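Residue numbers (this note's numbering): -5 to 206.
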């Protein structure tokens, strides 16, 4: 439980630094999320080590991509428009700035945005579509940014898929400076995933405490 609390605190701190303008903190966010929830070939999710029950659910602020929409989409973010001489759009995490409007579920139904869903749905539902129509889940985004261990086949596959995207991939190249990231939804999406994780834990802290 002590390790869990330390990791949650680190996740919260990295999110705060991201909100202060350090977009590269999304890499640390991804690493913390991965250690908390990803059951890999060579790693075990800390939340599973605690014995958290399978019915623990996860806050969803995105919903599932509409299969009838051909355009690119970034369901975890908002578009913020800058004005003035440097007018441009930038992707920002929604955080709590979303109405309880209906979002699509995997089965085709609808629930209020911010409702909690099963982990497998939350982790693998597509939440970003790039300009070529390729879709990415929370798992894809997190593993690609937390790509220090390419001995894990799932991590390697996620890294390769995102790196191969013309519109998204450059943010995961190790030799790329952290410039212009506001024009790409990946970093902001991972920040929002971190927000969802913290909300899920906060809302079900009694469930986690019971496992201690």
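Glycine is no exception: its CB is placed at the ideal position from the N, C-alpha and C atoms.
As the structure is a prediction and not an experimental result, all values here were calculated from the model.
- Here residue 87 is not near residue 99, since their CB atoms are 9 angstroms or more apart.
- With respect to the 9 angstroms criterion, residue 188 and residue 34 are not classified as neighbours on the basis of their beta carbons.
- Distance from residue 205 to residue 5 at the Cβ level is roughly 18 angstroms; contact not present, criterion being Cβ atoms closer than 8 angstroms.
- Assigned with DSSP and collapsed to three states, residue -2 falls in helix.
- Note that the C-beta distance between residue 124 and residue 196 is not below 9 angstroms.
- The Cβ atoms of residue 161 and residue 126 sit closer than 9 angstroms to each other.
- Excluding sequence positions up to five before and after residue 104, its CB lies within less than 7 angstroms of the CB of 96, 97 and 98, all in the same chain and listed in chain order.
- For residue 61, there is no enclosing beta strand (DSSP E), as DSSP marks it with neither H nor E.
- Separation of residue 42 and residue 30 (C-alpha to C-alpha, rounded to the nearest whole angstrom) is 8 angstroms.
- Nearest neighbour of residue 59 by Cα position, chosen from 158, 115, 202 and 203, turns out to be 115.
- DSSP places residue 17 within a helical segment (H, G or I) once states are collapsed to three.
- Looking at the DSSP output, residue 85 shares a beta bridge with 73.
- In the DSSP annotation of this structure, the continuous segment of the beta strand (DSSP E) that includes residue 130 starts and ends at 129 to 131.
- Secondary structure note for residue 98: its beta strand (DSSP E) is the uninterrupted segment 96 to 98.
- Excluding residues up to 5 positions away in sequence, nothing lies with its Cβ nearer than 7 angstroms to the Cβ of residue 3 in the same chain.
- The three-state secondary structure of residue 154, taken from DSSP, is helix.
- For the pair residue 159 and residue 152, the CB atoms are not nearer than the 9 angstroms cut-off.
- Within the DSSP secondary-structure output, residue 111 pairs in a beta bridge with 52.
- Rounded to the nearest angstrom, the Cβ distance from residue 106 to residue 94 is 4 angstroms, consistent with a contact under 8 angstroms.
- Between residue 62 and residue 0, the alpha-carbon positions lie close to 42 angstroms from each other.
- Per the coordinates, the alpha-carbon of residue 11 lies some 32 angstroms from the alpha-carbon of residue 49.
- When secondary structure is reduced to three states using DSSP, residue 93 falls in the coil class, being assigned neither helix nor strand.
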